[in-house]
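Below is one structure, written out as structure tokens; the observations come after it.
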Amino acid sequence: MQFPIVTTVNPTILKIQRLLQKIDRLHLPQSSRRDIESILVRQVSKEIDRALPWQTDHGHQTTVIALMIGQAMALNADELHHLKLAALLHDIGLLMLPPHLMSNRDSLEPESYVAIQNHSRLGATLLEPFSFLREAAILIAYHHERWDGSGYPYGIRGEYIPLGARILSIADAFDAIHVPDIIDRSLRNRIALRILRVASGTQFDPSVVEAFAETMVGKHAMYQHRS
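The sequence shown begins at 213 in the working numbering and counts up by one.
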């Protein structure tokens, strides 16, 4: 997939672009390439967190969940690596939106929601020029598509949505579900998982939801859901 070139004067985006250019130009040995790219992209993810303080550490938490699902679904090493990079960077497109859309999210006009829905495409557009992020950019472009075709920005459905994007969609949603006033971590996880299951077959791929559910049974202690 080819995305149009994006130019921006946003200082955070410019800083991130410089960091990504440095990573892209590194001549890394194959044996350590994935590890080094992951470490450096994690630093980029922290820049995104600083710019979007209401969702601090969301990129990291989404990555933990996405990799749990990816491993359960037997993705190979390259697929897991691209999924990891996509999860760390999946909200980068939000930085390209006008600041007032982010500061007044509770009182937006309908056309503003349309602009926000474009953030996944904007993020993919920003990342696609970097060779090591091209596969991740595709997953980011599609991570708000829905299994029934009612998602955005392209409105594709079912298995036309790349598997990595279907996984990322669930990981992103699970971490974003807030379960207030419940101290027990395991109970919070079960409530959030039940919410995902309600949307199985409409918003989410049922096979990915079930793979995640089976994984959570044995690994719920690895993920502390937000309170």
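The beta carbon of each residue, even a glycine, is placed where N, CA and C say it ideally should be.
Remember, it's a predicted structure, so these values are computed and weren't measured experimentally.
In its chain, beyond the 5 residues on either side, E259 have a beta carbon closer than 7 Å to the beta carbon of K227.
Counted as a single uninterrupted DSSP element, the alpha helix (DSSP H) harbouring T224 occupies residues 223-237.
The closest CA to that of L309, considering only E371, Q283, A263, A404, is found on A263. In this structure, the beta-carbon distance from H294 to A353 does not fall below 7 Å. Counting every other CB atom within 10 Å of its CB across the protein chains shown gives Q329 a total below 16, marking it as exposed. Judged by DSSP secondary structure, E340 falls outside any alpha helix (DSSP H); it is assigned neither H nor E. In this structure K296 is not in contact with T274, their Cβ atoms being roughly 10 Å apart against a cut-off of 8 Å. The shortest CA-to-CA distance from R378 to any of I281, G305, I407, A388 is the one to I281.
Taken through DSSP and simplified to helix, strand or coil, S362 comes out as coil. Of the residues N222, E357, I389, the one whose Cα lies closest to the Cα of G376 is E357. Pairing H331 with G361 gives a Cβ-Cβ distance that is not under 7 Å. Beyond the five residues adjoining it in sequence on each side, I389 comes within less than 7 Å, by CB distance, of A404, I407 in the same chain, given in chain order. The C-beta distance from L339 to L301 rounds to 6 Å, short enough to meet the 8 Å contact threshold.
For S398, the enclosing alpha helix (DSSP H) covers residues 397-410. Bounds of any alpha helix (DSSP H) do not take in D303, whose DSSP letter is neither H nor E.
Between E371 and A284 the beta-carbon gap is near 18 Å, outside 8 Å, which marks them as no contact. Q233 has its alpha-carbon roughly 10 Å from the corresponding atom of S343.
Judged by DSSP secondary structure, I251 falls within the alpha helix (DSSP H) whose first and last residues are 242-263.
DSSP places I277 inside the alpha helix (DSSP H), whose first and last residues are 270-284.
Across the set I382, L399, S243, the C-alpha of I382 shows the shortest separation from the C-alpha of S419.
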